[in-house]
Structure formats: C-alpha cells, structure tokens
Amino acid sequence: MDSFIIAALALCSLTAPALGDKGTSKARSCSDIRQFYSGKGFHLDGVPQSEISGEHLRVCPQGYTCCTSEMEDNLITLSRHEMERLLREAGRSLQTSLTGQHKAFDGYFMELLNRSALALDETFTATYGLLYIQISQVFSDLYTELRQYYRGNNVNLEEVINEFWARLMEKLFQQANKQYVIGEDYLECVSKQMETLRPFGDTPRVMKTTLTSTLVAARFFVQGLQVSGDVVRKVSQPQLIPECWRALMRMTYCPHCRGMASARPCPNYCSNVMKGCLANQADLNTEWRHLAETMMQVADRLDGPSGVDTVLLSLPSRISEAMLNMQDNLMTINSRLIQTCGNLREGGTSSTGVDEATKRGRVPAVDQMETSSSKMDKLVSDVTVRLRDLQSYWVSLPALLCSDRVATGTGAEEKCWNGMSRARYLPEVMGDGLASQINNPEVEIDITKPDMTIRQQIMQLKIMTHRLKNALNGQDVDFQDTSDDVSGSGSGMCTEETCSRGPRLIEPVTERPIRYRNPPENEKVKSSANHNLPCVATYLTPLLLLLLRR
5 MDSFIIAALA
15 LCSLTAPALG
25 DKGTSKARSC
35 SDIRQFYSGK
45 GFHLDGVPQS
55 EISGEHLRVC
65 PQGYTCCTSE
75 MEDNLITLSR
85 HEMERLLREA
95 GRSLQTSLTG
105 QHKAFDGYFM
115 ELLNRSALAL
125 DETFTATYGL
135 LYIQISQVFS
145 DLYTELRQYY
155 RGNNVNLEEV
165 INEFWARLME
175 KLFQQANKQY
185 VIGEDYLECV
195 SKQMETLRPF
205 GDTPRVMKTT
215 LTSTLVAARF
225 FVQGLQVSGD
235 VVRKVSQPQL
245 IPECWRALMR
255 MTYCPHCRGM
265 ASARPCPNYC
275 SNVMKGCLAN
285 QADLNTEWRH
295 LAETMMQVAD
305 RLDGPSGVDT
315 VLLSLPSRIS
325 EAMLNMQDNL
335 MTINSRLIQT
345 CGNLREGGTS
355 STGVDEATKR
365 GRVPAVDQME
375 TSSSKMDKLV
385 SDVTVRLRDL
395 QSYWVSLPAL
405 LCSDRVATGT
415 GAEEKCWNGM
425 SRARYLPEVM
435 GDGLASQINN
445 PEVEIDITKP
455 DMTIRQQIMQ
465 LKIMTHRLKN
475 ALNGQDVDFQ
485 DTSDDVSGSG
495 SGMCTEETCS
505 RGPRLIEPVT
515 ERPIRYRNPP
525 ENEKVKSSAN
535 HNLPCVATYL
545 TPLLLLLLRR
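Below is the structure:
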C-alpha cells in the first residue's frame, strides 16, 4: 500500500506542473485599465491590480476581468453622458446651420419690406407732394400690417389689402373734392362702390393675389426653418433608456475590462446599438423628409420673376399706377358716386390739387431689382443644398456616430469587438425606427412605449408641412389633424402584425451577457493557477482516503 501511495504522489508531482504550465504563471496585470480609468476622472480605490474572476459582472462577459461591479456602474454612467454629449453636439451643429439660414432669410425679408416702404415714401413725396403727406398714414398702416403678418401675428392679409384700397379710395376722393363737406356715412358709401367702379383698375386684384401668395410663402418658409431648428433642439436632449446605457458600455468599455483596449466595435454591432438607442429619433424621418421637400419647393417660389423681392420692391410703382388710373377716370367716378351716394354739400376748403399732383409724373420702379435678385438666388441656392443634405439626418445619425469608433481595414470583421470577444459579429443589422427594434439583439426596447416628446415633434413637423403645402397655393390655412393616431407618422406603435410575433427570443442584457457560438480559441480567458486546481485535487483525493483508512 505504501508503495502505491508513493507512486501516486510521484505521478501527481510530475503531472501537475506539466498540466499547469500556463496556470502557474501570474494573472494578467490591470495596469492599463487603471491608467485609463483614472484618466476618466475616477478614483482607483478598489480597482484590481490584476485580473479577478468576473462572476459579479452584469453587463460585460463574465470571464476574468479587471473591472469590479462599481467600475461597471461608473462606466455605464460615463457611457450615458458621453452619448448624450455626442447627440447634443450633433444637434447643435445642425441647429446652428438652420438658425443661420433662418436669420439670413428673415433679415432679408424684413429688409425688402423696409426698402419697399422707404422707396414709396421717398418717391411719393417727390411725386405727389402735399397730397401724399396728407394721406401717408394709409401707406404706413399698410406696411405695418404687412410686417405684423409676416412676423406671425394674427392678421388677415386679404382683409388688410382690401381695407388699404378702400381707405385709399376714400382719401383720394376726399382730397379731390375738398370743397365739399363729406361725412363718414358718405365715405362709407364711397368705399362700398370699390367692386362696382373699380377706380384702380385691375391692380387691387393682381396685387392681392401676388402679395398674398408671396407673403404667405415667406412667412411659412421662415417659420419652417424655425420649427426645424426647434425640433432638433428638443430631440437632441434625449432621455436615453437604461438598456441603451448598458449596451453602450458593453460596446465601448467592456473590451478595456477584458484587457483588449485596442479592440474596436464591429461595424454592424455598433449599428445595432445605435439604432436601438436612437429608435425614436429615427421615427422623425418621414415627416422630416416631407418638411424638407416642401420647403425646397417653397424656396423655389421665393425666387424668380415673381419672387418675393420683385413683388415687394414693385409695390410703390404698382400703387402709383393704380392712383393714376383713378385720376384719369376721376370725373366719371365722381359722377357715378354722386348718383349712388347722393349729392355733395358745398362748404369745405380748397382742393388739395390731386390733378396737379398726379401730373408731376409716374413713380419709377425700384432700380435695385437686379442686385436683390442676385442675393435671393444665393439664399435659395444655399438653403436648397442644406435642406437636401439634411433630409436623411435622423436615419443616418447611427452611422454618423459609429463612423469614428468602429474597426476598419483588412480583416477587421474577424478581429473586431462583437460584445463578447474579438470575432465576427453574426446578427443581422436592424432596420430604422422603433418598430424595427423588436428583435434588436443589443438593446431591449419596448416598441409599445414611444417617446412622447418625439411624437409631439413629429406632429409639429406634420403641421408645418401642411401649412407650407397650402402656402404653395397662396393659402394661409391652419392644420386640422383628422387622424386617430396622434402620435404622428412612423410612430412605431405595436401593430397587430408586429405584436403577434410573440415575446423576444433573446435574454435581457442585464441578466447575462449574450454569447455567440464557437468563440475563437485565442479569446478564451488565459491562465491562472486556479485553472489547474481540479487536476491536483483529482490525484490527491484518493490518496487522502487511503491514508485515512489506514
């Protein structure tokens, strides 16, 4: 028996070192992650000096690791803050561009209105003299109302234009017949004959059509730029779900915990993480595209022969032509008004001299039209390029955020980080939007609970698009939503088809890491003396039993 024990001990002593050749080597140092972790602003208290067993990990693979549970939690929070910062920066860049376009157009439209008003004042003073001074309030009121409408105030543009022509007719009639006493009731009767007498010819109808169409388009185009910027601002301050935080941490920092700091995420892996995190933002795509397309159509209308600069800068000459038309037909107009409204009673003052004033000459068209058109051409060209570029912004955002962090180059697909190890990423890439994430293997997300802030922004985009489409027809019509689904287009709500698929087939990432089949041999956790303890115990156990029996 003694010889048997001696032989067994000798066999164990010879075999154990051979089997534990790697196991007897020291555990891998954690110096790299300690330096990295400290560089991120964290204290090194509790950070291992060398690898420890990873059974405590809830996000990263549970092999040997340099990360504790506290480190994992800190890196999850860091991942969240970094992602939110990236989204804010991307949104700020887009918002700055849209704000710049808004300021350029808004400033130019106001400049055109002010130039038109100034040109009318200067030319009418030179042309009509005292007559213009006495009725100038009619013109200043017109431009004030036009500015108010453009600024978005509750002004009925057609009523403003109709009221302008009616008041102008009253004032000109009053000034032409100042030797008579004309009461308010008589003037009201005069203004009611506008449609019948047409003292200004066809100018009021043409001006109402062109000016309304132009200002409606300008007003809603600038509003569209403002709404777009507001949507970007609100959506770029997201409340990312905890599942997203963990997925980002697993993709970004788990390689550090495993001693693979140089490993970069597989492209498709990164895409699935980002598509899951930004699923709600991607649902903006449909209405965002519709708005951009409609704004490009409206921008095209703002330019050209009947563009906003041409219409606004030609107002003085058009109004002057209309006044001359009334003067040319003043005797006929007076006669018909007296027949309709009654005889005039003498007792007024001397005439202002409408006839003499209108004979001084015609008001020339503003001679800066060519310069204005060039500026408008450039504004429209710039904004069209920008709108076309940002059409796919929300669905291209995941690729944008992945572009500088994923593995690239020859053989990268085989050596990239797939969430578990350096190996090819096998799952397919998910589609865009909330509903498409039902089987996302990286981010578990409830597709029946959309982000309501984003749903509200989808509705704002839809309302703005509706207004712009009406603006293309010269109409200022408020949006009426008749749909039952107030969440907006592409809401990602659970449809009968998607809900019938049943529960998800993957396990939640918070419970245990996702594992892929056949991990590469070179990625198995390397060496620790503990790995060979079962071998030694196998030999020693029967020896101890024999000794006890003796």
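Under the numbering used here, think of the first position of the sequence shown as 5, with each following residue one higher.
Here a beta-carbon is modelled for each residue, glycine too, at the ideal position from N, C-alpha and C.
Compute the Euclidean distance between the alpha carbons of residue i and residue j, then round it to the nearest angstrom.
i	j	result
D77	P242	20 Å
D234	V399	18 Å
T214	C281	48 Å
G415	C71	29 Å
K44	C34	16 Å
M335	L341	10 Å
M255	G423	6 Å
S378	R92	36 Å
P454	Q66	33 Å
H85	G95	15 Å
L401	F204	56 Å
I323	L98	42 Å
G187	N477	41 Å
K419	G311	58 Å
K26	S440	For K26, the pLDDT reaches just 36, beneath the cut-off of 50, and the residue's location in the model is therefore unreliable, although a value from the coordinates is still provided. Near 47 Å, if we compare the C-alpha coordinates of S440 and K26.
H470	Y153	19 Å
T412	M380	44 Å
A170	S385	39 Å
P320	D313	13 Å
I137	T131	11 Å
I337	K212	22 Å
G308	V387	15 Å
N333	S140	22 Å
L122	D480	27 Å
Q461	E291	10 Å
L438	R202	60 Å
K279	D393	20 Å
Y397	A475	25 Å
S491	T100	Any reading at S491 needs caution, since the residue's pLDDT is 37, under 50, leaving its predicted position unreliable; the model's value is listed next. If you take the alpha carbons of S491 and T100, they lie about 27 Å apart.
Restricting to Cα atoms, I'd like to know which of the options is closest to residue i.
i	options	result
Q178	C193, T131, V63	C193
R426	R250, C258, V63	C258
L430	H470, Y190, W421	W421
T216	V164, T452, L102, M424	V164
T389	L102, L90, I37	The amino acid at residue 389 is misidentified as Thr; the sequence shows Val. The candidate whose alpha carbon is nearest that of V389 is L102.
G104	R209, L229, F128	L229
P457	S407, D287, E149	Inspection of the sequence shows that residue 457 is occupied by Thr rather than by Pro. The shortest Cα separation from T457 among S407, D287, E149 belongs to D287.
P107	Y41, L134, L176, V226	Residue identity check: residue 107 is Lys in the sequence provided, not Pro. Taking only the C-alpha atoms, the option nearest K107 is V226.
S54	A31, E88, L90, M300	A31
S83	R250, I56, F224	R250
R62	L79, P52, L48	L79
L124	Q343, S144, N443	S144
C64	N443, P445, H260	H260
T200	M300, T344, D110, V210	T344
M300	M330, F224, M198	F224
N166	V210, S407, N443, P445	V210
Report yes if the C-beta distance between residue i and residue j is below 8 Å; otherwise report no.
i	j	result
V236	Q285	no
P151	L117	Residue 151 is actually Arg in this sequence, not Pro. In contact: R151 and L117 (Cβ atoms closer than 8 Å).
V231	Q464	yes
A221	F113	no
V277	L252	yes
I449	A283	yes
F128	L146	no
V142	L191	no
R262	T81	no
E74	G58	no
R459	Q395	no
L348	N157	no
E325	T207	yes
V433	S275	yes
V159	E149	yes
L161	L219	yes
N289	D436	yes
T298	K473	yes
L306	S120	no
C270	E115	no
F40	A265	yes
Throw me the rounded Cβ distance for the residue i and residue j pair, which I believe falls under 8 Å.
i	j	result
A296	L391	5 Å
E247	V410	Not a contact, Cβ separation roughly 21 Å.
M327	L134	At roughly 15 Å, the Cβ-Cβ gap does not stay under 8 Å, so M327 and L134 are not in contact.
As an exercise, report each continuous alpha helix (DSSP H) stretch of at least 4 residues that is fully enclosed by the stretch 268 to 322, in chain order.
271 to 281, 283 to 286, 289 to 306, 312 to 317
Complete alpha helix (DSSP H) runs within the stretch 200 to 246 (minimum length 4 residues, chain order):
207 to 239
Entirely enclosed alpha helix (DSSP H) segments - the stretch 420 to 492, minimum 4 residues:
456 to 475
Within the stretch 29 to 115, note down every full alpha helix (DSSP H) run reaching 4 residues or more, in order along the chain.
35 to 43
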